[in-house]
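Residue numbers (our numbering): 217 to 378. Ideal placement from N, C-alpha and C gives every residue a C-beta, glycine not left out. Heads up, the thing below is written out as structure tokens.
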Amino acid sequence: MPLRCLLVDDNDAFLETARALLERQGVQVAGVASNIAGALRQARVLRPDVVLVDIGLGEESGFELARLLAADGQDGQRVQEGQRIQGVRADVILISAQAERDYTDLIAESPAAGFLHKPELSAQRISQLLNRQLRVGQPGFQLAGTAIGRLSGRRDQAYARS
217 MPLRCLLVDD NDAFLETARA LLERQGVQVA GVASNIAGAL RQARVLRPDV VLVDIGLGEE
277 SGFELARLLA ADGQDGQRVQ EGQRIQGVRA DVILISAQAE RDYTDLIAES PAAGFLHKPE
337 LSAQRISQLL NRQLRVGQPG FQLAGTAIGR LSGRRDQAYA RS
């Protein structure tokens, strides 16, 4: 089963390009969103393994979305409009066209699994970040092990075919 990803960015051209790139590399892009409300809604419905969040979401902040996703994942189950719903349990990776050094302290304070510079976006870099998260002993949003297994499985399948 491939790694399931939600892309969150306010730039439609980037969303389209990133989706094509990641899907070519074996990542299933389950959905896209361009703002915090849409991302939270999509994350709750789609239950992705990882959420790639642009730091600058127009007037909104990717750091705020990362905090909201982390809080939602810690809430576990809750009742909304008479229905029991699961909180979001996905690793978050912050992304930006700006260099990581521009956000070092904010990234370190965030609950995100890590940061990716947009030009470096790839399934391999996502895997490296999630693996690093596991080695440090911080479980992120609870799914890093599952997410890594899914990426590793895809890689093994690709090697078996070649």
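| Query | Result |
| --- | --- |
| Answer yes if the region 220-234 comes into contact with the region 248-260, meaning at least three C-beta pairs across the two stretches below 8 Å, and no otherwise. | yes |
| Does the contact criterion of 3 or more C-beta pairs under 8 Å hold for the region 327-345 versus the region 231-242? | yes |
| Please classify residue 305 as buried or exposed, where buried requires at least 16 neighbouring CB atoms within 10 angstroms. | buried |
| Hey, residue 309 and residue 268: beta-carbon distance below 8 Å or not? | yes |
| What are the boundary residues of the beta strand (DSSP E) that residue 236 is part of? | Looking at the DSSP string, residue 236 is not in any beta strand (DSSP E); the run it does join, the alpha helix (DSSP H), is 228-240. |
| Classify residue 252 as helix, strand or coil using the three-state DSSP reduction. | helix |
| Per DSSP, what kind of secondary structure is residue 336 in: helix, strand or coil? | helix |
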